[in-house]
Amino acid sequence: MFRHLLKLIWNKKKHHLLLVVEIFVSFLVIFSLTSMLVYYYRNYMKPAGIDDRNIWQVNYYDVTKPKQIDSLRQFYAMMYQQLKNTKGIEEVSFVSNNTPYSANMHRSSVGINKRNAENTDIYEGTETYASLLGMQMESGRWYTKDDMAGKYPPAVIGVALKEELFPDKNAEGQVVKVDDTEYKVVGVVKEAKYRGDFQESGKSVFIPLDTSSLKRNTTILMKVSPAVFNDANFEGQVYKQLVSWLKGVNIEIQHLDERHRSMDRLAIIPVIILLIVSAFLIINVALGTFGVLWYNINKRKGEIGLRRAIGATGMNVNQQLIGESMVIATLALLLGCFFAVQFPLLHVFDIASSTYIIAMVLSVLFIYLLVLLCSIYPGKQAAAIFPATALHED
Numbered sequence: 251m252f253r254h255l256l257k258l259i260w261n262k263k264k265h266h267l268l269l270v271v272e273i274f275v276s277f278l279v280i281f282s283l284t285s286m287l288v289y290y291y292r293n294y295m296k297p298a299g300i301d302d303r304n305i306w307q308v309n310y311y312d313v314t315k316p317k318q319i320d321s322l323r324q325f326y327a328m329m330y331q332q333l334k335n336t337k338g339i340e341e342v343s344f345v346s347n348n349t350p351y352s353a354n355m356h357r358s359s360v361g362i363n364k365r366n367a368e369n370t371d372i373y374e375g376t377e378t379y380a381s382l383l384g385m386q387m388e389s390g391r392w393y394t395k396d397d398m399a400g401k402y403p404p405a406v407i408g409v410a411l412k413e414e415l416f417p418d419k420n421a422e423g424q425v426v427k428v429d430d431t432e433y434k435v436v437g438v439v440k441e442a443k444y445r446g447d448f449q450e451s452g453k454s455v456f457i458p459l460d461t462s463s464l465k466r467n468t469t470i471l472m473k474v475s476p477a478v479f480n481d482a483n484f485e486g487q488v489y490k491q492l493v494s495w496l497k498g499v500n501i502e503i504q505h506l507d508e509r510h511r512s513m514d515r516l517a518i519i520p521v522i523i524l525l526i527v528s529a530f531l532i533i534n535v536a537l538g539t540f541g542v543l544w545y546n547i548n549k550r551k552g553e554i555g556l557r558r559a560i561g562a563t564g565m566n567v568n569q570q571l572i573g574e575s576m577v578i579a580t581l582a583l584l585l586g587c588f589f590a591v592q593f594p595l596l597h598v599f600d601i602a603s604s605t606y607i608i609a610m611v612l613s614v615l616f617i618y619l620l621v622l623l624c625s626i627y628p629g630k631q632a633a634a635i636f637p638a639t640a641l642h643e644d
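In this text, residue positions in the sequence shown follow our numbering: the first is 251, and each later residue adds one.
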């Protein structure tokens with residue numbers, strides 16, 4: 251039966267070529283869309299890892315800092331104490347500028363012996379960093395000031411980095427190299443979605459701010475009480491306090507939850523664009539399938555009538571026309587799958603192969619379902635043709 255349908259399609263290949271191309275292009279676009287949707291859904295279902303509620307990010311620029319190391323540390327200690335003593339501020343942490351939901355990035359390789367984890371996100375912050383963001387430890391603990399007195403400065407690594415560097419043993423107590431500096435791992439933290447709900451958290455390592463980092467530090471995270479989080483008067487009060495403490499400084503206060511929503515909206519834009527493109531292509535495929543089948547019915551009424559005359563039932567005619575449409579779709583999908591399968595094989599965009607495979611299966615099923623639905627009505631019309639009607643029109 252399949253060979254017979256293939257022969258019928260080949261005899262009218264010029265009429266079917268455009269439909270094959272339409273289905274092929276539609277499959278690629280739908281595959282791209284479903285890949286993105288599956289990727290977003292799987293990331294969305296993972297725990298957030300941080301609590302961004304009631305958190306402000308303060309960026310300050312053009313501040314004059316002490317040059318002596320002891321004076322610099324005293325400068326930050328006094329600023330921390332002044333902010334912490336402000337009624338309404340619950341916690342404060344000085345951090346690097348690659349904060350949650352920001353476009354800033356600091357990536358490097360993190361290694362031990364001859365094993366390196368490339369493209370690892372490196373975050374710097376004081377010992378209050380984890381408690382301020384509500385991060386949860388998988389094992390071990392967060393670093394403290396006492397850890398700075400050891401041979402190696404402390405570090406906390408994420409679960410993904412731990413699984414890559416230490417798959418079969420505990421990470422605590424191990425020494426890793428970050429940016430040519432050796433750190434002692436004191437804990438493993440659960441991954442946090444720093445890039446929004448729809449992006450992978452990636453590999454991460456957290457280290458304390460060293461002297462050079464303090465000199466260039468321009469970012470503070472503050473956790474404030476819910477009662478004053480959206481209070482413009484309180485925000486203005488904090489702004490004035492910082493300006494009075496840091497002479498001639500430029501200050502910007504941002505709400506972390508607003509940045510979170512903004513990053514999620516940006517992530518959805520490509521999905522909306524692909525949805526619009528896919529909708530147009532789906533309409534083209536539907537119209538193309540209808541057009542080809544109507545053409546076949548009108549041009550092959552004599553053939554259909556003859557088949558009915560020699561004993562073919564209406565169901566047989568219906569099945570043949572639907573079968574031809576499904577074979578055309580299969581030819582287009584075989585070509586499309588050849589290109590789609592390259593994505594998991596080549597690990598494009600460093601996305602898990604299972605994401606591409608699920609997207610491929612969903613795309614194939616969608617195309618088959620679309621072609622089937624578009625073939626049912628024309629198939630029924632062809633099945634209603636009687637031999638006498640076909641001979642009369644001829």
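For glycine and all other residues, C-beta sits at the position ideal for the given N, C-alpha and C.
Since this is a predicted model, take the numbers as computed values, not measurements.
Let me know the secondary structure DSSP gives residue i once reduced to three states.
{"i": "K381", "result": "The sequence shown places Ser at residue 381, rather than the Lys named in the question. Three-state result, S381: helix."}
{"i": "W544", "result": "helix"}
{"i": "F344", "result": "strand"}
{"i": "M329", "result": "helix"}
{"i": "Q570", "result": "helix"}
{"i": "D418", "result": "coil"}
{"i": "M295", "result": "coil"}
{"i": "R445", "result": "coil"}
{"i": "Y373", "result": "strand"}
{"i": "T284", "result": "helix"}
{"i": "G560", "result": "Looking at the sequence provided, one finds Ile at residue 560 rather than Gly. Correct three-state label for I560: coil."}
{"i": "Q386", "result": "coil"}
{"i": "R391", "result": "coil"}
{"i": "Y351", "result": "coil"}
{"i": "R303", "result": "coil"}
Below 8 Å on the Cβ atoms is my guess for residue i versus residue j; work out the distance and round it to an integer in Å.
{"i": "E374", "j": "P458", "result": "7 Å"}
{"i": "V360", "j": "G408", "result": "10 Å between Cβ atoms; not a contact."}
{"i": "V614", "j": "L581", "result": "About 13 Å; that fails the 8 Å criterion."}
{"i": "A410", "j": "G452", "result": "7 Å"}
{"i": "T539", "j": "L269", "result": "7 Å"}
{"i": "E422", "j": "G390", "result": "4 Å"}
{"i": "F448", "j": "Y290", "result": "4 Å"}
{"i": "L622", "j": "I547", "result": "Going by Cβ atoms, the distance from L622 to I547 rounds to 17 Å, so no, they are not a contact pair."}
{"i": "S512", "j": "L543", "result": "No, S512 and L543 are not in contact; Cβ-Cβ is about 47 Å, not under 8 Å."}
{"i": "F616", "j": "I280", "result": "6 Å"}
Tell me the rounded alpha-carbon separation between residue i and residue j.
{"i": "K434", "j": "A399", "result": "12 Å"}
{"i": "L531", "j": "V345", "result": "47 Å"}
{"i": "W392", "j": "L383", "result": "13 Å"}
{"i": "L496", "j": "R303", "result": "27 Å"}
{"i": "N293", "j": "Y606", "result": "14 Å"}
{"i": "H505", "j": "S343", "result": "15 Å"}
{"i": "F274", "j": "M355", "result": "38 Å"}
{"i": "N366", "j": "V428", "result": "10 Å"}
{"i": "I578", "j": "Q570", "result": "12 Å"}
{"i": "T376", "j": "D397", "result": "12 Å"}
{"i": "L502", "j": "V488", "result": "Before going on, a small fix: residue 502 reads as Glu here, not Leu. Using only the alpha carbons, I get a separation of about 11 Å."}
{"i": "M329", "j": "T284", "result": "49 Å"}
{"i": "K419", "j": "D371", "result": "22 Å"}
- Item | Contained alpha helix (DSSP H) runs [length at least 4] in the stretch 451-538, N- to C-terminal order | 461-466, 482-495
- Message: Using 8 Å as the cut-off, can you tell me whether the stretch 394-407 makes contact with the stretch 307-324, which would need three or more C-beta pairs spanning the two stretches below that distance?
- Response: The stretch 394-407, when compared against the stretch 307-324, does not touch it at the 8 Å Cβ threshold.
- Item | Touch test, the stretch 302-316 against the stretch 459-469, Cβ-Cβ under 8 Å, three pairs minimum | Segments in contact, yes.
- Any 3 or more C-beta pairs closer than 8 Å across the stretch 616-634 and the stretch 295-302: no
- Message: Would you call the stretch 438-451 in contact with the stretch 476-493, where contact means no fewer than 3 C-beta pairs closer than 8 Å?
- Response: no
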